[in-house]
Structures are given as C-alpha cells and as structure tokens.
Amino acid sequence: MATNAIDQTRRMLSLVTYLRERPGAHVQDVARAFGITEDELISDLDVLPMCGTSFRGGDLLDIDTDGDRIWWHNPDDVAEPLRLAADEATALLVAARAVATLPGLRESDRDALVRATAKLETAAGESGAASSRLSVTFEAEGGVFADVDRAISERRRLWLRYYSPARDELTEREVDPIRLFAVGHTYIEGWCRLSEARRTFRLDRVAEIRLLDAPAAPPELELRDLSAGLVQPAAEDPEVVIEVGTGGRWVAEYYPHDSAEELPDGGLRITLRTPDPASLRRLALRLGGDGRIVAPPELADSAREAAREALAAYDDAV
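Offset between the sequence shown (1-based) and our numbering: plus 60.
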C-alpha cells in the first residue's frame with residue numbers, strides 16, 4: 061500500500077515512543093508491529109538520527125541498527141521537556157501557520173495543526189506575538205504537494221498539465237499516484253494513463269493539477285530502490301560522449317556516468333548512458349561555450365542545429 065508523507069511522519073513519531081519502551085527490539089518484530097516492510101523500517105531509521113529536540117543540530121536521536129536489532133543509545137538525553145529559544149519559537153509558529161494555509165490539506169490535519177499552533181503561541185508569550193507579524197507564502201509546488209498527498213490518502217486519480225523539458229511542451233495526463241519522494245527535487249511516482257506505464261513527475265513542472273472523482277487503481281508494482289539516485293541508466297541504453305571545459309565540470313557531479321577523463325585544458329570527457337539521448341540537447345544549450353556533445357554524431361549535429369535556431373531566434377528578437 062502506498063504511504064504518503066503525512067502518514068510516514070505519524071509512523072515515525074509513534075516509532076520513537078515504541079523504541080524507547082523496547083530497547084534492542086528486533087527489526088522483524090518492529091516492522092510487523094507497524095505493518096511495513098523491513099526495508100521501509102530501515103529507511104525510517106536512517107532519518108530518525110537527523111531528528112531531535114534542537115533546531116541547531118544538538119540533542120539528536122542516537123538510534124542505529126545492526127540489521128537484526130535496534131538500539132537507542134541516548135533516550136534519557138532527549139527526554140527533557142522541549143525548551144525553545146525566541147528565534148526557534150518564531151520560526152516554528154510562522155512555518156505552522158503557513159502550512160495550515162496549504163490548499164488540499166485534510167481538514168482533520170488542518171484543525172489539529174491550528175490547535176497545536178494556538179497552544180504553542182500561548183506558551184511562547186512575547187515571541188508568539190512577534191511571529192504574528194511575519195508571514196510566509198508557499199510557491200505553487202506547495203499546493204501541488206498538498207493535492208498529491210491528498211490524492212494518495214484518498215486513493216483518487218489526478219489530472220495534470222505537465223511540462224516536459226525533453227520535448228519543450230505541456231501535456232495533459234491522468235495519473236494514478238503511487239508515492240511522493242524527494243531526490244534533490246520533490247517527485248510524484250504514478251501510473252500514467254496516457255502512456256500506460258509508470259512515470260515520475262517533478263512537482264515544480266506541474267503547471268496545473270486537479271483531483272478527479274475516479275478512484276486511483278495503479279497496477280501492483282514493486283517500488284524502485286532510489287538509494288542510488290533517481291536516474292539509474294541501464295547497460296543497454298545508448299552511449300553519449302560530452303566534452304566540457306572547466307566551467308562545465310559540474311556535469312560529472314549531477315549526471316550518472318560511466319567515466320570522466322581529464323582533458324589537458326582542465327575540462328572533462330564524460331561518457332554516460334541515457335534512454336533518451338535527445339534530452340541532452342538542452343544540456344548542450346545550457347553549457348554553451350563550456351561544453352559540446354561529441355558522440356553519437358547525429359546527436360551532436362542535432363545539438364548544433366538547436367543552437368543555431370536559438371541564436372537565429374535571438375537575432376530576430378533584437
């Protein structure tokens with residue numbers, strides 16, 4: 061069953077209490093108690109050590125596992141009542157009020173957040189009063205996230221107008237959402253009814269979104285392991301060679317590649333694989349004088365033609 065972000069947060073909060081009362085608990089037993097797989101539990105345990113009672117990085121949960129049992133090494137250190145500094149209370153109150161205004165948020169969650177915010181404001185005193193003079197407005201991605209999260213929770217289909225950078229066009233799709241996840245950007249993974257296949261959509265590229273009355277019914281699919289990154293080229297994917305100057309060395313950091321050979325001028329000769337070589341034309345345009353596609357020849361020619369068309373369009377505009 062797909063799990064949305066709010067459900068995962070609730071589970072992790074319950075997990076802290078559960079583990080505090082059961083030192084050395086077995087991974088298998090904890091996963092069974094929470095109705096999740098052992099891999100999902102390990103994923104939660106990877107996040108928990110980044111949580112704690114201080115926003116400044118101290119007093120974090122020291123929880124680890126040897127793959128069989130789970131140990132919480134400092135439960136007493138983080139058991140003291142939470143005390144917030146003035147700036148921490150202000151930041152938390154501003155963020156809570158902003159989240160409460162998100163469209164698509166379930167009313168039960170919104171009501172709970174409003175009640176918690178009121179209690180925190182009372183406890184914060186003058187700091188709480190100061191926070192009321194500040195406000196935060198989320199960009200469109202926040203509203204898209206809330207709609208997707210609601211669709212997953214209610215198992216409803218989504219309608220999207222989505223920008224595809226590879227084709228430089230907007231398409232309309234109906235999608236049965238499976239999960240939200242973040243790998244650098246935030247994405248929705250779902251079953252696309254247009255292509256009749258599993259697809260991944262970046263939230264900041266969603267131009268418009270609507271919840272449909274049709275129930276979401278994605279086929280039973282094994283969730284992909286994203287620990288190695290979102291893009292995981294296959295050995296049979298076409299090979300592309302790109303040469304970049306010193307200003308384009310960042311390509312080797314952001315694109316999975318087979319090799320990156322040093323060039324005499326301080327640049328790199330990068331060999332990578334991609335199921336859609338044409339999508340790299342935009343990379344070539346972005347690099348400008350800092351890089352060029354070397355192979356395959358037809359892709360190199362296509363990138364040069366795209367650059368000539370872009371320059372011609374610019375000349376016409378000025």
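Even glycine gets a Cβ: it sits at the ideal position worked out from N, Cα and C. Please read all numbers here as calculations on a predicted model, not as lab measurements.
Going by the CB atoms, is the gap between residue j and residue i shorter than 8 angstroms?
| i | j | result |
| --- | --- | --- |
| A344 | G351 | yes |
| V300 | V311 | no |
| A274 | R239 | no |
| R221 | E268 | yes |
| A85 | R157 | no |
| G327 | G348 | no |
| D318 | R329 | no |
| R270 | Y247 | no |
Going by CA-CA distance only, name the one from the options that's closest to residue i.
| i | options | result |
| --- | --- | --- |
| S255 | I269, E268 and P278 | P278 |
| H385 | L230, V235, R265 and R253 | The chain is shown only over 61 to 378; residue 385 falls outside these bounds and no answer can be derived. |
| A338 | K179, E322 and A363 | A363 |
| E358 | L281, P298 and A320 | P298 |
| A242 | V107, D171 and T177 | V107 |
| A155 | N134, P135 and L180 | L180 |
| Q68 | I353, L323 and I212 | I212 |
Tell me the DSSP secondary structure of residue i in three-state form.
| i | result |
| --- | --- |
| D126 | coil |
| E199 | Confidence in E199 is poor, its pLDDT being 49 and thus under 50, which makes the residue's placement unreliable; the coordinate value appears in the next sentence. In the structure shown, E199 sits in coil (DSSP, three-state: anything other than H, G, I, E or B). |
| R309 | coil |
| E358 | helix |
| R217 | strand |
| R346 | helix |
| T334 | coil |
| T260 | strand |
| P109 | helix |
| I96 | coil |
| L283 | coil |
| A320 | strand |
| S255 | coil |
| Y78 | helix |
| A276 | coil |
| E296 | coil |
| Y315 | coil |
Rounded to a whole number of angstroms, what is the C-alpha to C-alpha distance between residue i and residue j?
| i | j | result |
| --- | --- | --- |
| A276 | R259 | 15 angstroms |
| P237 | W219 | 10 angstroms |
| F205 | E98 | 27 angstroms |
| L340 | A366 | 11 angstroms |
| L173 | E214 | 20 angstroms |
| M61 | A93 | Confidence at M61 is low in this model, with a pLDDT of 42, below 50, so the placement of that residue should be treated as unreliable; the coordinate-derived value is given next. Distance between the alpha carbons of M61 and A93 is about 16 angstroms. |
| S103 | V208 | 22 angstroms |
| L153 | T177 | 6 angstroms |
| R175 | V76 | 23 angstroms |
| Y223 | E229 | 6 angstroms |
| E100 | L323 | 43 angstroms |
| L73 | G95 | 15 angstroms |
| S168 | R71 | 17 angstroms |
| A370 | D336 | 21 angstroms |
| R368 | R342 | 13 angstroms |
| V87 | G127 | 7 angstroms |
| L105 | E81 | 16 angstroms |
| Y314 | R346 | 14 angstroms |
| A151 | A91 | 34 angstroms |
| E296 | P356 | 15 angstroms |
Here's a check: name, in chain order, each residue in its chain whose Cβ is nearer than 6 angstroms to the Cβ of residue i, leaving out the five neighbours to either side.
| i | result |
| --- | --- |
| G250 | V235, D236, P237 and I238 |
| W132 | L79 and I123 |
| C111 | L121 |
| E232 | R221 |
| R253 | E234 |
| I353 | I302, A344, L359, A360 and A363 |
| L283 | none |
Leaving out five residues before and five after residue i in sequence, what residues of the same chain have Cβ atoms less than 7 angstroms from its Cβ?
| i | result |
| --- | --- |
| A372 | none |
| D325 | G305 |
| E321 | L328 and R329 |
| T331 | E299, V301, H317, D318 and S319 |
| N134 | D122 |
| D89 | none |
| G117 | Per-residue confidence for G117 stands at a pLDDT of 48, beneath the threshold of 50, marking its modelled position as unreliable; the derived number appears in the next sentence. Result list for G117: empty, nothing under 7 angstroms. |
Take residue i and list the residues in its own chain whose beta-carbon comes closer than 8 angstroms to its own, dropping the five residues that flank it on each side.
| i | result |
| --- | --- |
| L281 | I238, W251 and R258 |
| P109 | L120, L121, D122, I123 and D124 |
| L272 | R216, R217, L218, W219 and E234 |
Within the present structure, is the beta-carbon of residue i separated from the nearest heavy atom of the ligand COA by less than 7 angstroms?
| i | result |
| --- | --- |
| I130 | In the structure shown, the ligand COA is absent, as is every other ligand, since no ligand is present at all. |
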